[in-house]
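Student:
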Amino acid sequence: MKCPQNAMQKPVRDSQLHGVDYLGLATTNILFSDVHTNRGSNDLTIWGNTGGGSMYGDVNISAILDSFSVSYDKRVRPNYGGTPVEVGITMYVLSISSLSEVKMDFTLDFYFRQFWTDPRLAFRKRQGVETLSVGSEFIKNIWVPDTFFVNEKQSYFHIATTSNEFIRIHHSGSITRSIRLTITASCPMNLQYFPMDRQLCHIEIEIGYTMHDIRYKWNEGTKSVGISSEVQLPQFRVLGHRQRATEINLSTVGYTMRDIRYKWNEGPNSVGVSNEVSLPQFKVLGHRQRAMEISLTTGNYSRLACEIQFVRSMGYYLIQIYIPSGLIVIISWVSFWLNRNATPARVALGVTTVLTMTTLMSSTNAALPKISYVKSIDVYLGTCFVMVFASLLEYATVGYMAKRIQMRKNRFLAIQKIAEQKKAGMDSAHPPPPGPRPTTPPNKQ
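Here it is in structure tokens:
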């Protein structure tokens, strides 16, 4: 079917939403494009099967696409046997849906873009046609880097309403591939300062090829990774992120760094985070990116890493743990002002506060992994428990001392009573001798 010429020349609308360009033609297909890529008038978008000889002005677009399949072997990397293919990487984080201390992982929803050059896909620049943007159907016809995520636990592609993926081919052979992914990746956490902790989670990007074949790079330098400003977490806030590139040595089948090298395509700007990224308990402090070279038995491999730093928000723990436990300690002190003879009231108050603190400690640790080291919250709750238990112990001590004092008093009174009784018995056994009778003087008459 031949597309109408005016439909090929005029897209319905070109708008941006959260770092994505949406292109519309006279069909229901949707193309997700690069946030940092400005599409000019010479960018031609092709959808699906171009059979029938699609034309753009006097240019036969179908002929250009069909020419790619002539003597093209997608099983062989570009420039095979020559210099490594340099693959640029950029990321834009749309959301961070969870950060679990129990599972030690976090989930990212982001746009993942790869940039490389394949001279076999170069075509002669023609009037009005410098770049071809093709749908995901065309990807299976060309060579693409076998990129994977080292610390991935689970991932999936987005396919509503169509595959959220596209490829853009420049006339020079430069390829841009953009895809939307959701990945759950492992994130080892140190909870020693929980809940006043900061966590550094990372996504590691690698390829089966060694560094002799492919090299990765952060395409925009330190700006290759971006995080949306709306990223929110229940317990954390994102402090920042960083990106790095490393070189590793793995026992795997694939290309070494002699074939492919990864890089952050835009240097420090290769990673972006949306301003809408938000988490209920976390805040995103920032991110950073790194490039690494990992050396293994089969060769050197290119690896990129994007690290995102989170800080936990204290609001939840202040309301649910710190303030209630402090009030429980204060309530336990009420027994100090009660009469020491009010045994039922003081015992009930002491036992209730001890049991409440025990329940609070158990419920807090139930939501955390079973770790062997002491956490900051353990110190606080342990101190509160000791103070509450000390209040109960204080009453036991006071009761014991009062009993000892009363026993001594009773013993003293008993001894005193016995002494008095003995004294009274001795007085009755030995009455005093009778004294002389008083004489009455005779009456004088």
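With the UniProt record's numbering, you'll find the sequence shown wraps up at 445, consecutive numbering, no jumps.
The beta carbon of each residue, even a glycine, is placed where N, CA and C say it ideally should be.
Treat the numbers as computed from the prediction; the structure is a model and nothing was measured.
Please check the pair H171 and F123, which I expect to be a contact at CB under 8 Å, by giving their CB distance rounded to whole angstroms.
Tutor: In the sequence shown, residue 171 corresponds to position 171, counting from 1. In the sequence shown, residue 123 corresponds to position 123, counting from 1. That belief holds up - the Cβ atoms of H171 and F123 are roughly 5 Å apart, short of 8 Å.
Student: Here's a check: name, in chain order, each residue in its chain whose Cβ is nearer than 6 Å to the Cβ of S136, leaving out the five neighbours to either side.
Tutor: As a working note, residue 136 is residue 136 in the sequence shown. For S136, where only same-chain residues beyond five positions count, the Cβ hits under 6 Å are S163 and E165.
Student: Grab me the residues of M426's own chain with a C-beta within less than 6 Å of its C-beta, minus the 5 sequence neighbours each way, in chain order.
Tutor: Here residue 426 corresponds to residue number 426 of the sequence shown, with the count starting at 1. There are no such residues.
Student: What are the start and end residues of the alpha helix (DSSP H) that includes V354?
Tutor: Reading the sequence shown from its first residue, position 354 is the one you call residue 354. Note, V354: alpha helix (DSSP H), T343 to A366.
Student: What number of angstroms, rounded off, separates the C-alpha of A345 from the C-alpha of I96?
Tutor: Taking the sequence shown and counting its residues from 1, the one referred to as residue 345 is at position 345. Taking the sequence shown and counting its residues from 1, the one referred to as residue 96 is at position 96. In this structure, the CA atom of A345 is about 51 Å from the CA atom of I96.
Student: Taking only three categories from DSSP, how would you classify M407?
Tutor: As a working note, residue 407 is residue 407 in the sequence shown. DSSP places M407 in helix when its eight states are reduced to three.
Student: Would the segment 350-359 and the segment 404-419 be scored as touching if the rule is three or more Cβ pairs under 8 Å?
Tutor: no
Student: Would the segment 262-281 count as touching the segment 87-101 if we require 3 or more Cβ pairs under 8 Å?
Tutor: Yes: the two stretches touch, three or more of their Cβ pairs being nearer than 8 Å.
Student: Using DSSP with H/G/I as helix, E/B as strand and the rest coil, what is N141?
Tutor: Locating residue 141 in the sequence shown gives position 141, where the first residue counts as 1. Looking at N141 - three-state DSSP - the assignment turns out to be helix.
Student: By the three-class DSSP mapping on this structure, what secondary structure does S325 have?
Tutor: For the purposes of this step, residue 325 is taken as residue 325 along the sequence shown, with counting starting at 1. Under the three-state reduction of DSSP output, S325 falls in the helix class.
Student: Thinking C-alpha only, which one of M292, I142, Q114 and S332 is nearest V354?
Tutor: As a working note, residue 354 is residue 354 in the sequence shown. Selected option, being the one with the closest Cα: S332.
Student: Which residues does DSSP list as the beta-bridge partners of D109?
Tutor: Walking along the sequence shown from the start, residue 109 turns up at place 109. Partner(s): S95 and T182.
Student: For R93 versus G226, is the C-beta spacing smaller than 8 Å?
Tutor: If you number the sequence shown from 1, residue 93 lands on position 93. If you number the sequence shown from 1, residue 226 lands on position 226. Contrary to the premise, residue 93 reads as Val rather than Arg in this sequence. A contact, by the Cβ cut-off of 8 Å.
Student: Return the residue from the list E152, V134 and S302 that minimises the CA-CA distance to L65.
Tutor: Taking the first residue of the sequence shown as position 1, residue 65 is located at position 65. Among E152, V134 and S302, the Cα nearest to that of L65 belongs to V134.
Student: Going by DSSP in three states, Q192 sits in which element: helix, strand or coil?
Tutor: Your numbering for residue 192 matches position 192 in the sequence shown. Looking at Q192 - three-state DSSP - the assignment turns out to be coil, as it is neither helix nor strand.
Student: Count the other CB atoms, across all protein chains shown, that sit within 10 Å of the CB of S278; report buried if there are 16 or more and exposed otherwise.
Tutor: Position 278 of the sequence shown, counting from 1, holds the residue named residue 278. Looking at its Cβ environment, which holds 16 or more other Cβ atoms inside 10 Å, S278 is buried.
Student: Check this for me: beta carbons of R77 and E206, under 8 Å apart or not?
Tutor: For the purposes of this step, residue 77 is identified with residue 77 of the sequence shown, where counting begins at 1. For the purposes of this step, residue 206 is identified with residue 206 of the sequence shown, where counting begins at 1. No. Outside cutoff.
Student: In terms of alpha-carbon separation, which member of F112, W143, D259 and Y193 lies closest to E204?
Tutor: By one-based count along the sequence shown, residue 204 stands at place 204. The shortest C-alpha separation from E204 is found at F112.
Student: Can the beta-carbon of P188 be found less than 8 Å from the beta-carbon of M104?
Tutor: One-based indexing of the sequence shown puts residue 188 at position 188. One-based indexing of the sequence shown puts residue 104 at position 104. Cβ distance < 8 Å, so P188 and M104 count as in contact.
Student: For D130, which three-state DSSP category applies?
Tutor: The count along the sequence shown starts at 1 and reaches residue 130 at position 130. Checking the sequence shown, residue 130 turns out to be Glu, not Asp. Of the three classes helix, strand and coil, the one that applies to E130 here is coil, per DSSP.
Student: From the DSSP output, which residues share a beta bridge with N300?
Tutor: Against the sequence shown, residue 300 aligns to sequence position 300. Beta-bridge pairing links N300 to S295.
Student: Nearest-angstrom Cα distance between S428 and A396?
Tutor: To locate residue 428, count along the sequence shown from 1; it is residue 428. To locate residue 396, count along the sequence shown from 1; it is residue 396. In this structure, the alpha-carbon of S428 lies about 47 Å from that of A396.
Student: In this structure, how does DSSP classify I64 when only helix, strand and coil are distinguished?
Tutor: Here residue 64 is taken as the residue at index 64 of the sequence shown, counted from 1. Three-state result, I64: helix.
Student: Looking at the structure shown, is L285 part of a helix, part of a strand, or coil, going by DSSP?
Tutor: Position 285 of the sequence shown holds residue 285. Of the three classes helix, strand and coil, the one that applies to L285 here is strand, per DSSP.
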